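Once you know that position 196 of the sequence shown is 178 in this note's numbering, the rest is easy, because the numbers rise by one and skip nothing.
No residue lacks a Cβ here, since even glycine has one placed at the ideal position from N, Cα and C.
None of the values given here were measured: they were computed from a predicted structure.
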Amino acid sequence: MGLPLPLPAFASQLAEAAGRLPQPVRAILWMLVACLLFAILNAFIREASRAMHPFQAVFFRNLFGLLFMLPWIKTAGLESLNRHRMKLYLGRTAVGLLSMFAWFWALKLLPFAEAIALSFASPLFATLLAAMFLGEQVRIRRWTAILVGFAGVLVILRPGADAFSAGALFALASAALGACGIIFTKQLVRSESTTAVVTIMVLIQTPMALIPALFVWEWPAASLWPMLLTMGLAGSLGHMSFVRALRLAEASSLMPYDYARLVFAAIIGWLFFAEVPDNWTWVGSAIIAAAAVYIARREVKLKAMPAAALASSLPDEPPAIVTKPPIVTKTGPAA
């Protein structure tokens, strides 16, 4: 396909140059690097899913991602792991893997930029599920933002048009399952370190991905191995860049820049797949992005306000909508 290979040396040189810049600028740059690497990763995923069964592509994505992360896993260790929460770990891994399966099918079937655009619906699903299953307070402004965001999804899909396809359903299923993963993660990080959550997910997900791959197994052609290797490398470097960005700035301040993935996807789609996103995709993406960014900023603002100040500053909002009490596990606090 001709895409350049991301190399560790490139990341090292970039880190040295970025170290001389102000911290907020460095955070943005690392976020943009992560977005570029994830766009490259998705381009290779698309090619791999068309050259072999997506079940196999998912397995090799996890396998090579695990290999590149082994040094980091060895350094992180598992001593702090709370094994009493293994059910939550397994649930997080299962929905993450299902999301990955759906995503690989979406990339196989949809125009590249359209698939990326629909993936941005995940924060909308996450806010909805957090209210339903975690008892998180979601007031009228954020419910409105959710509805606006899903209106953006409809703009992209144009129900009744040819664009509404199985690929679009796979993309939305991936976004919804990814949101379920966020809910599991929110429960886990109350007692577990982020390092433990990521490590266990990587270790469990690879053998789980092998099971469905065995039913459709065919050894990849020799020409595919560099692509599969690069998938693992791009994914690992992308996650490392993303973590670096989060160490330098709050996630809410970085969220608007995550939508650079769509710009990079549009460029890659044009250069390598001869695809140009239509106007509806750009308009719908802008609506989804605006809604998701508003939700993130609103959550940060509300969490930062004392209860009394919060009550007095929201005269136009009814009491928080809570659809279900918090889940309580046997091994931890309310989750």
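DSSP on residue i, reduced to helix/strand/coil?
i	result
residue 120	strand
residue 140	coil
residue 303	Reliability of the predicted coordinates at residue 303 is poor, the pLDDT of 36 falling under 50, and no value is obtained from them.
residue 102	coil
residue 40	helix
residue 256	coil
residue 241	coil
residue 34	coil
residue 235	helix
residue 147	coil
From which residue to which residue does the alpha helix (DSSP H) around residue i run?
i	result
residue 85	68 to 91
residue 3	Premise fails: residue 3 is in no alpha helix (DSSP H) and is neither H nor E.
residue 173	From DSSP, residue 173 is part of no alpha helix (DSSP H); its letter is neither H nor E.
Which residues in the same chain as residue i place their Cβ atom closer than 7 Å to its Cβ, once the five residues preceding and following it in sequence are excluded?
i	result
residue 258	252
residue 106	128, 131, 132, 273, 274
residue 163	74, 77, 78, 81
residue 2	none
residue 218	47, 50, 51
With a Cβ-Cβ cutoff of 8 Å, do residue i and residue j count as a contact?
i	j	result
residue 104	residue 161	yes
residue 81	residue 173	no
residue 216	residue 92	no
residue 210	residue 46	yes
residue 165	residue 115	yes
residue 270	residue 134	yes
residue 277	residue 167	no
residue 227	residue 51	no
residue 191	residue 40	yes
residue 137	residue 262	yes
residue 213	residue 83	no
residue 147	residue 86	no
residue 27	residue 111	no
residue 68	residue 206	no
residue 25	residue 250	yes
residue 241	residue 152	no
residue 220	residue 11	no
So, at 6 Å on beta carbons, what are the nonlocal neighbours of residue i in its own chain, with the 5 sequence-adjacent residues on each side left out?
i	result
residue 255	94
residue 267	99, 244
residue 194	37
residue -2	none
residue 230	5, 8, 9
residue 182	71
residue 188	44, 45, 48
residue 224	16
residue 55	181
residue 237	275, 278
Can you find the residues in the same chain that come closer than 8 Å, C-beta to C-beta, to residue i, ignoring five residues on each side of it along the sequence?
i	result
residue 239	10, 13, 14, 17
residue 159	77, 78, 80, 81, 84
residue 199	38
**Request:** Only counting runs of 4 or more residues, tell me where the alpha helix (DSSP H) segments fall wholly within the region 178 to 233, in order along the chain.
**Result:** The DSSP assignment places 207 to 230 as complete runs of the alpha helix (DSSP H) inside the region 178 to 233, in order along the chain (cut-off: 4 residues).
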